[in-house]
Amino acid sequence: MSNTTMHRAPEVHEYKAEMKQLLHLIIHSLYTHPEIFLRELISNASDALNKVRFRELTGQAVLDSGTPLEIRITLDRNAHTITVEDTGIGMTKDDLINRLGTVASSGTLEFVKSLKEQGKTLDVSMIGQFGVGFYSVFMVADEVVVETRHAEPDSIGLRWKSDGKGSFTIEDIDKPTRGTRISFRLKDSATEFSEEYRVRSIIQKYSNFVDFPILIASQGSTLQKVNTIRALWQAPKDTINPDEAHEFYKFLTHDYQSPLGYLHLAIEGSVNFKALLFIPATPPVRPFILDNDKSLHLYTNKVLIEEHCKHLLPEYLRFVRGVVDTDDLPLNVSREVTQSSPQMAKINKVLTSKILGLLHDWSAHDPDKYQRFYTAFGQQLKLGINTDTANRDQIVQLLRFETTHTAHGSLRSLKEYVERMNPEQQEIYFLTGEHRDTMLNNPNLEYFQKHSIEVLLLTDPVDIIIIPTIGEFEGKKLVSIDKADIRTVAASSQEQKEPSMLDSALLALFKEALGDKVEDVVPSKRLVDSPVTLVVGKEGMDAQTERMMKMLDKTFKGGRKILEVNMEHPLIRNLSRLQLAQAGSPLLRQYILHLYEGALLLEGNLPSPAIFIRRMIEIMTDATR
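Just so you know, we're using numbering that gives the first Met the number 0 here: the sequence shown kicks off at 0 and counts up by one.
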């Protein structure tokens, strides 16, 4: 069908002062990346194609019915020109005036200025949905020509032209086909965007999942489709298989490994969105650095709005990768940063619940997979204990720990621990340390090993932070076995007998020799094979926490601890006899000091190993004379 019109001189329309100022802000202030212009033009073309597809599906009359719905981009690297053309719904003269020539609502400019002065983002719902994104093209072009024809059969072709400053013109043209063609010559500072490789990379980054073919041609070459990846999150769940999902994950994340698993969501209700979320198999090399920079990709109508939208998930779940697509969010005018909104909070809440639900399902039905997940991301998951109070109980259920009753690398939940507790046991016991092997040789474990009482072995520094927050589980308090006031389950009356006069005298000597180095010296009910151990009293903190504090602050001095003495140990009995025979012997004080510093050495807090070794040599020399 032809579109023959009578050619008249172009009509000149002046931008209103408010529009001129708004255009200046849009072109010079709102976009941080010039490449965004192409995303905006493709997004507008996609919207136009969606509208004409709806008209056809609803049986309305459409010009050129049956024409393929597509977006064509033509580049000329020599002339530095770009043309973006679609076969969408097109525009009428009123559309050109009202959508490309005026501000959508009064007060918009003042609103934009105010937010800009405050350094805040802009809400597209306040300044119109079309046209604003379109004007980003003036970042890279001095003049833009729009040739269009509406899908109504009796429409006419129109040309809109502007430099984005004082005015725009509109004139009738011969345009036999429906749709919109936008063409312009690039500024000298933006000629890179006439290179085919550059345009392809922008499309693959921002618009790879647009629902219509995006075709590109350069220097007279034939058109080639650029967006080749299917937007799987938009597809019905039963139409994709795991292999296809895994390939999509690799494309999205550039990870060579397949993910551990994924969630495919289509949520309708108080908030509407679709999502495809993946749990990676392994963390990045530096998880706490790189993960803070990455998050889910946020799309609207398959067009990327924000590459790493941190508002979509709580920080402790940022290891999750994937895509969320929603129309329910207000976006700033450049679509680069999402606004804080009730809808975003709702999406965050739903996603968090679904992810935790998936992890609970793995823990119950696929423990091997869950252990692989926990080994990779357990440390990050634990951070939710102190930051996500609404889901704290769920996260506690997901925690796993090595224990004295598990093999190296095997993990156990708190629920499993409680189910295996001795009937008379009232508390959940734990020990902190750097390495399992070292912890298993900790003197404070001897009583628990002797009586087959299970103890959690906490080697993750994060555990020091989260355990106090948990406090108790199923009515059982979590108690460090380094604490002096721990309740032991005595196996015999011998463990609870009062110290003899000789023992009391020796303990008094220990206190005198150590002075203010310790909070107290008491007979031990927990030691079996070791002569002494240090435990936390009112002033001290466990050894792992103390080491961490010293790493953070070189001047930190740990609190005094209580020295427990195993009155049944052969060495202690010998010291008691030596005191009886040679009460004033200086060797006794040397032995006591050496036992104390040996306990410091075991917990990793010995301040001067050189002095310790020198004293040991002196003691051995005296003993071998």
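For every residue, glycine included, the Cβ atom is placed at its ideal position computed from N, Cα and C.
Where residue i sits in the DSSP three-state scheme
i: residue 301; result: coil
i: residue 78; result: coil
i: residue 532; result: strand
i: residue 561; result: strand
i: residue 356; result: helix
i: residue 281; result: coil
i: residue 524; result: coil
i: residue 680; result: The structure shown does not extend to residue 680, since the chain spans only 0 to 624, so no value can be given for it.
i: residue 57; result: coil
i: residue 318; result: coil
i: residue 63; result: coil
i: residue 312; result: coil
i: residue 331; result: Low confidence applies to residue 331: its pLDDT is 48, below 50, so where it sits in the model is not reliable enough to give any reading.
i: residue 509; result: helix
i: residue 32; result: coil
i: residue 247; result: helix
i: residue 625; result: One cannot answer for residue 625 here, as it falls past the ends of the chain, which runs 0 to 624.
i: residue 239; result: coil
i: residue 225; result: coil
i: residue 306; result: strand
i: residue 269; result: coil
i: residue 592; result: helix
i: residue 140; result: strand
i: residue 395; result: helix
i: residue 217; result: strand
Close-in-space but distant-in-sequence residues of the same chain around residue i (CB under 8 angstroms, 5 per side omitted)
i: residue 165; result: 13, 14, 19
i: residue 55; result: 61, 64
i: residue 392; result: none
Alpha carbon of residue i to alpha carbon of residue j, nearest angstrom
i: residue 551; j: residue 541; result: 16 angstroms
i: residue 152; j: residue 59; result: 10 angstroms
i: residue 516; j: residue 611; result: 15 angstroms
i: residue 313; j: residue 352; result: 11 angstroms
i: residue 601; j: residue 441; result: 7 angstroms
i: residue 543; j: residue 563; result: 19 angstroms
i: residue 347; j: residue 265; result: 14 angstroms
i: residue 48; j: residue 183; result: 21 angstroms
i: residue 365; j: residue 483; result: 40 angstroms
i: residue 497; j: residue 546; result: 35 angstroms
i: residue 278; j: residue 375; result: 10 angstroms
i: residue 253; j: residue 237; result: 25 angstroms
i: residue 620; j: residue 508; result: 24 angstroms
i: residue 470; j: residue 580; result: 49 angstroms
i: residue 122; j: residue 456; result: In this predicted model, residue 122 has a pLDDT of only 39, less than 50, meaning its place in the structure is not dependable; the value taken from the coordinates is given anyway. Distance between the alpha carbons of residue 122 and residue 456: 51 angstroms.
i: residue 377; j: residue 398; result: 7 angstroms
i: residue 22; j: residue 363; result: 57 angstroms
i: residue 524; j: residue 560; result: 16 angstroms
i: residue 77; j: residue 221; result: 17 angstroms
i: residue 361; j: residue 256; result: 19 angstroms
i: residue 341; j: residue 608; result: 59 angstroms
i: residue 598; j: residue 592; result: 10 angstroms
7 angstroms Cβ shell around residue i - same chain, five flanking residues per side excluded
i: residue 454; result: 402, 403, 428, 429, 430, 444, 447, 480
i: residue 465; result: 381, 384, 385
i: residue 435; result: 401, 407, 456, 458
i: residue 174; result: 2, 146, 148, 156
i: residue 373; result: 399, 410
6 angstroms CB neighbourhood of residue i in its chain, flanking five on each side removed
i: residue 630; result: Given a span of 0 to 624 for the chain in the structure shown, any question on residue 630 remains unanswerable.
i: residue 147; result: 89, 90, 157, 179
i: residue 476; result: 426
i: residue 66; result: 86
Check: residue i C-beta below 7 angstroms from any heavy atom of the ligand COA
i: residue 325; result: Of ligands this structure carries none, so the ligand COA is not represented either.
Inter-stretch contact at 8 angstroms, needing at least 3 Cβ pairs: the segment 392 to 411 / the segment 566 to 576: The answer is no - the segment 566 to 576 does not touch the segment 392 to 411, with fewer than three Cβ pairs under 8 angstroms.
Uninterrupted alpha helix (DSSP H) stretches inside the segment 402 to 489 (no shorter than 4 residues): The segment 402 to 489 contains these whole alpha helix (DSSP H) runs: 413 to 418, 435 to 439, 445 to 449, 460 to 469.
Meets three-Cβ-pair contact criterion under 8 angstroms: the segment 501 to 517 and the segment 438 to 454: no
Validate contact between the segment 38 to 45 and the segment 63 to 83 using beta carbons, cut 8 angstroms, 3 pairs: Contact between the segment 38 to 45 and the segment 63 to 83 is established, with three or more Cβ pairs separated by less than 8 angstroms.
3-residue-minimum beta strand (DSSP E) runs that sit fully inside the segment 143 to 204, ordered along the chain: Counting only runs of at least 3 residues, the segment 143 to 204 fully encloses the following beta strand (DSSP E) elements, listed from N- to C-terminal order: 156 to 161, 166 to 172, 178 to 185.
Touch test, the segment 253 to 262 against the segment 217 to 234, Cβ-Cβ under 8 angstroms, three pairs minimum: no
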